[in-house]
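Undergrad: Below is the structure I would like to discuss, written out as structure tokens.
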Amino acid sequence: MIRICLLWGLLSQVYLIQTEDAPQPIPVTTRLFGDNISLPCPKAESQQLLYWYRQTVGQLPHLVASVSYASEPVLNGEFKNPRFKVETSEYVYNLIIRNISTLDEATYFCGIGTMYGMDYGHATFLAVKGHNHPTLVQQPVSDPVHPGDSVTLQCTVLSQTCTGEHSVYWFRAGSGESQPGVIYTPGNLSDACKKNPETPSPTQSCVYSLSKNNLSLSDAGTYYCAVATCGEILFGNGTNLNIERSLDHVVIGLGVTSVFCVIVIIILVFSRNTKPISEHYKVSVAQHIRHDNSTTEYDQDQDPDTLNYAALHFSERKTERGRKKRETPQESVYSDVRVDWD
Numbered sequence: 011m012i013r014i015c016l017l018w019g020l021l022s023q024v025y026l027i028q029t030e031d032a033p034q035p036i037p038v039t040t041r042l043f044g045d046n047i048s049l050p051c052p053k054a055e056s057q058q059l060l061y062w063y064r065q066t067v068g069q070l071p072h073l074v075a076s077v078s079y080a081s082e083p084v085l086n087g088e089f090k091n092p093r094f095k096v097e098t099s100e101y102v103y104n105l106i107i108r109n110i111s112t113l114d115e116a117t118y119f120c121g122i123g124t125m126y127g128m129d130y131g132h133a134t135f136l137a138v139k140g141h142n143h144p145t146l147v148q149q150p151v152s153d154p155v156h157p158g159d160s161v162t163l164q165c166t167v168l169s170q171t172c173t174g175e176h177s178v179y180w181f182r183a184g185s186g187e188s189q190p191g192v193i194y195t196p197g198n199l200s201d202a203c204k205k206n207p208e209t210p211s212p213t214q215s216c217v218y219s220l221s222k223n224n225l226s227l228s229d230a231g232t233y234y235c236a237v238a239t240c241g242e243i244l245f246g247n248g249t250n251l252n253i254e255r256s257l258d259h260v261v262i263g264l265g266v267t268s269v270f271c272v273i274v275i276i277i278l279v280f281s282r283n284t285k286p287i288s289e290h291y292k293v294s295v296a297q298h299i300r301h302d303n304s305t306t307e308y309d310q311d312q313d314p315d316t317l318n319y320a321a322l323h324f325s326e327r328k329t330e331r332g333r334k335k336r337e338t339p340q341e342s343v344y345s346d347v348r349v350d351w352d
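Going left to right, the sequence shown walks through residues 11 to 352 as my numbering numbers them.
The following block contains the structure:
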């Protein structure tokens with residue numbers, strides 16, 4: 011009996027941590043310097059414990075506040091100041107942060123459950139923007155890009171107060187991909203930053219480039235630049251890289267050849283149809299003349315005093331190309347033939 015009690019006591023001190031089955035992207039919430047924000051964490055039916063955590067870039071999570079059973083929320087360590095507060099309603103716990111500063115930029119998430127199991131989730135990345143807050147700008151690709159070309163993607167970080175070292179990461183989200191994947195992390199970045207003396211307060215401008223050579227259709231997608239600087243991380247708005255399909259020279263050659271063949275066929279068919287017509291005109295004229303001549307000779311033999319009339323018919327012949335067609339009137343020629351017999 012004593013062993014069973016001891017075993018039960020040990021098991022009661024074990025905390026089982028449960029996470030969501032599939033990783034989900036963390037939503038980003040942006041606030042201006044000095045604003046207030048309320049981060050919700052829904053209640054559960056069998057909930058006995060609640061923990062709020064804050065995790066800044068490159069650091070371990072820090073406990074912000076905890077709520078156990080029906081007791082009041084308790085703030086922890088550096089968060090025991092009027093800017094932080096946990097409010098409880100019927101269905102949700104709200105972590106309220108007032109007068110936001112750049113130090114508050116981090117990922118906030120909560121854990122709910124019992125001493126035997128905890129569910130962690132409902133994470134939110136809080137991004138803070140202010141007057142002197144560093145900004146990151148990604149330039150779009152202006153010229154059309156085709157397979158085999160080269161392109162250079164750039165992102166620029168502008169800052170007045172933060173001049174520390176930067177860590178740069180490039181991500182790419184292709185078509186059909188749910189989440190971007192890391193594709194490049196540059197090495198030495200010491201020569202990427204320069205100060206602009208023309209501005210009233212000198213602004214440091216850091217330009218980071220990603221070169222892509224011999225592009226293919228698989229390189230198309232949206233490229234994101236992320237820069238970690240001064241305890242925060244900046245995300246670019248993304249650069250869309252659309253690769254246009256170029257026409258194959260073989261296809262163009264086949265198309266031109268097909269058009270040429272069609273033109274040649276049309277010319278041959280036209281010339282073949284016009285040749286029999288001209289030949290028919292020539293044969294008709296010749297036969298008509300021979301018939302008229304034979305008729306004249308026959309009439310002369312029968313009656314020497316008879317007037318013979320011969321009608322000549324001139325058929326039109328197709329004029330040559332390039333010459334203006336002249337209209338030839340048809341005329342009937344009558345001849346009077348008299349024979350004196352001595």
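We treat Cβ as the ideally placed atom computed from N, Cα and C, and that holds for glycine. Predicted model, so just to flag it, every value in this text is computed and none were measured.
1. So within the stretch 72-124, which uninterrupted beta strand (DSSP E) runs reach at least 3 residues, ignoring any that extend past its ends?
2. Extract the residue ranges of the beta strand (DSSP E) inside the stretch 215-239, only unbroken runs of 3 or more that lie entirely within it.
3. Quick check on F181: does DSSP put it in helix, strand or coil?
4. Going by DSSP in three states, T195 sits in which element: helix, strand or coil?
5. For H156, count the other beta carbons within 10 Å of its own beta carbon; 16 or more makes it buried, fewer makes it exposed. Which is it?
6. Beta-carbon within less than 7 angstroms of R41's beta-carbon, same chain only, minus the 5 sequence neighbours each way: which residues are those?
7. Have a look at E88 and A236 and give me their C-alpha separation to the nearest angstrom.
8. Taking only three categories from DSSP, how would you classify N283?
9. Ordered along the chain, which non-local residues of its own chain (more than five positions away) have a Cβ less than 7 angstroms from that of D114?
10. State the CB to CB distance for the pair I36 and T117, rounded to an integer number of angstroms; the pair is presumed to be in contact (CB under 8 angstroms).
11. May I ask you to report which of helix, strand or coil DSSP gives T166?
12. Helix, strand or coil for G131? Go by DSSP, reduced to three states.
13. Check each candidate in Y233, A238, T239, R255 and name the one with the smallest Cα separation from N247.
14. Taking a contact to mean a Cβ-Cβ separation below 8 angstroms, would you say Y218 touches T195 in this structure?
15. From E97 to V77, what does the alpha carbon distance come to, in whole angstroms?
16. Just how far apart, CA to CA, sit Y25 and L105?
17. Over what stretch of residues does the beta strand (DSSP E) that includes S48 continue unbroken?
18. Looking only at its chain, what residues have a beta carbon closer than 7 angstroms to the beta carbon of V84, apart from the 5 residues adjacent to it on each side?
19. By the 10 Å Cβ neighbour count, where 16 or more other Cβ atoms means buried, how is T162 classified, buried or exposed?
20. What are the partner residues of Q353, as DSSP defines its beta bridges?
21. Identify, in the order they occur along the chain, each residue of the same chain with its Cβ nearer than 6 angstroms to the Cβ of R64, setting aside the five sequence neighbours on each side.
22. Assuming S215 and K204 are in contact, meaning their beta carbons sit under 8 angstroms apart, how far apart are those beta carbons, in whole angstroms?
23. Does DSSP classify I253 as helix, strand or coil?
24. With distance defined between alpha-carbon atoms, name the residue in L264, A80, V151, G241 nearest to L70.
25. Decide if F270 is buried, meaning its Cβ has at least 16 other Cβ atoms within 10 Å, or exposed.
26. In the DSSP output, what is G242 paired with across the bridge?
27. Would you please state the rounded distance, in angstroms, between the beta carbons of L244 and V151? I believe it to be under 8 angstroms.
28. With a threshold of 7 angstroms on Cβ separation, who are the neighbours of I273 within its own chain once the five nearest residues in sequence on each side are excluded?
29. Going by CA-CA distance only, name the one from T267, A54, I193, N252 that's closest to M128.
30. Near L227, which residues of its chain fall below 8 angstroms by C-beta distance, leaving aside the five closest residues on each side in sequence?
31. Applying the 10 Å Cβ sphere with the 16-neighbour rule, what's the burial state of P154?
32. Secondary structure at T66, three-state DSSP: helix, strand or coil?
33. Figure out for me which residue from N250, A80, R93 has the closest Cα to the Cα of G44.
34. Hey, could you find the ends of the beta strand (DSSP E) V38 is sitting in?
35. Across which residues does DSSP place V155 in a beta bridge pair?
TA: By the coordinates alone:
1. 72-78, 94-98, 102-107, 116-124
2. 231-239
3. Locating residue 181 in the sequence shown gives position 171, where the first residue counts as 1. Reduced to three states, the DSSP call for F181 is strand.
4. Indexing the sequence shown from 1 puts residue 195 at position 185. Coil.
5. By one-based count along the sequence shown, residue 156 stands at place 146. Exposed, because fewer than 16 other Cβ atoms sit within 10 Å of the Cβ of H156.
6. Here residue 41 corresponds to residue number 31 of the sequence shown, with the count starting at 1. For R41, where only same-chain residues beyond five positions count, the Cβ hits under 7 angstroms are I47, I110, L136, V138.
7. Here the question's residue 88 lines up with position 78 in the sequence shown. Here the question's residue 236 lines up with position 226 in the sequence shown. Rounded to whole angstroms, E88 to A236 spans 29 angstroms at the Cα level.
8. Here residue 283 refers to the residue found at position 273 of the sequence shown. Three-state result, N283: helix.
9. Start at 1 with the first residue of the sequence shown, and residue 114 comes out as number 104. Contacts found: I107, L136, V138.
10. Taking the sequence shown and counting its residues from 1, one reaches residue 36 at position 26. Taking the sequence shown and counting its residues from 1, one reaches residue 117 at position 107. Between T117 and I36 the Cβ distance is about 6 angstroms, and since that is below 8 angstroms, they are a contact.
11. For this step, residue 166 is matched to residue 156 along the sequence shown. Here T166 sits in strand by DSSP.
12. Here residue 131 is taken as the residue at index 121 of the sequence shown, counted from 1. Here G131 sits in strand by DSSP.
13. Here residue 247 is taken as the residue at index 237 of the sequence shown, counted from 1. Taking only the C-alpha atoms, the option nearest N247 is Y233.
14. Numbered from 1 along the sequence shown, position 208 holds the residue referred to as residue 218. Numbered from 1 along the sequence shown, position 185 holds the residue referred to as residue 195. No.
15. Taking the sequence shown and counting its residues from 1, the one referred to as residue 97 is at position 87. Taking the sequence shown and counting its residues from 1, the one referred to as residue 77 is at position 67. One C-alpha to the other measures close to 11 angstroms.
16. Position 15 of the sequence shown holds residue 25. Position 95 of the sequence shown holds residue 105. Residue placement at Y25 is flagged as unreliable, the pLDDT there being 40, under the threshold of 50; the coordinate-derived value follows with that caveat. Approximately 24 angstroms between the Cα atoms of the pair.
17. Walking along the sequence shown from the start, residue 48 turns up at place 38. Unbroken beta strand (DSSP E) run through S48: 47-52.
18. The residue given as residue 84 occupies position 74 in the sequence shown. Within the same chain, V84 has close Cβ partners A75, S76.
19. Position 152 of the sequence shown holds residue 162. It counts as exposed.
20. Coverage of the chain is limited to positions 11 through 352, which leaves residue 353 absent and any answer about it impossible.
21. Sequence index remark: in the sequence shown, residue 64 carries index 54 (1-based). Only H72, V74, A116, Y118 meet the Cβ criterion.
22. Stepping through the sequence shown from its first residue, residue 215 is reached at position 205. Stepping through the sequence shown from its first residue, residue 204 is reached at position 194. The Cβ separation is near 6 angstroms, so the contact holds.
23. As a position in the sequence shown, residue 253 is number 243, starting the count at 1. Reduced to three states, the DSSP call for I253 is strand.
24. Position 60 of the sequence shown, counting from 1, holds the residue named residue 70. Closest option to L70, Cα to Cα, is G241.
25. Locating residue 270 in the sequence shown gives position 260, where the first residue counts as 1. So F270 counts as exposed.
26. Taking the first residue of the sequence shown as position 1, residue 242 is located at position 232. Looking at the sequence itself, residue 242 is Glu, so the reference to Gly does not match. According to DSSP, E242 bridges with T239.
27. Residue mapping note: residue 244 aligns to position 234 of the sequence shown, counting from 1. Residue mapping note: residue 151 aligns to position 141 of the sequence shown, counting from 1. The pair is not a contact, with the Cβ atoms about 21 angstroms apart (cut-off 8 angstroms).
28. Position 263 of the sequence shown, counting from 1, holds the residue named residue 273. Result list for I273: empty, nothing under 7 angstroms.
29. Against the sequence shown, residue 128 aligns to sequence position 118. Ranking the options by Cα distance to M128, first place goes to A54.
30. Position 217 of the sequence shown, counting from 1, holds the residue named residue 227. Excluding positions up to five away in sequence, the list reads P157, I253, R255.
31. Looking up residue 154 in the sequence shown gives position 144. Exposed.
32. Residue numbering aside, residue 66 sits at position 56 when the sequence shown is read from its first letter. Residue state, collapsed to three classes: coil.
33. Taking the first residue of the sequence shown as 1, we reach residue 44 at position 34. Residue R93 is the option with its Cα nearest to G44.
34. What you label residue 38 is simply residue 28 of the sequence shown in a count that begins at 1. Start and end: 38-42.
35. Position 145 of the sequence shown, counting from 1, holds the residue named residue 155. Answer is I253, bridged to V155.
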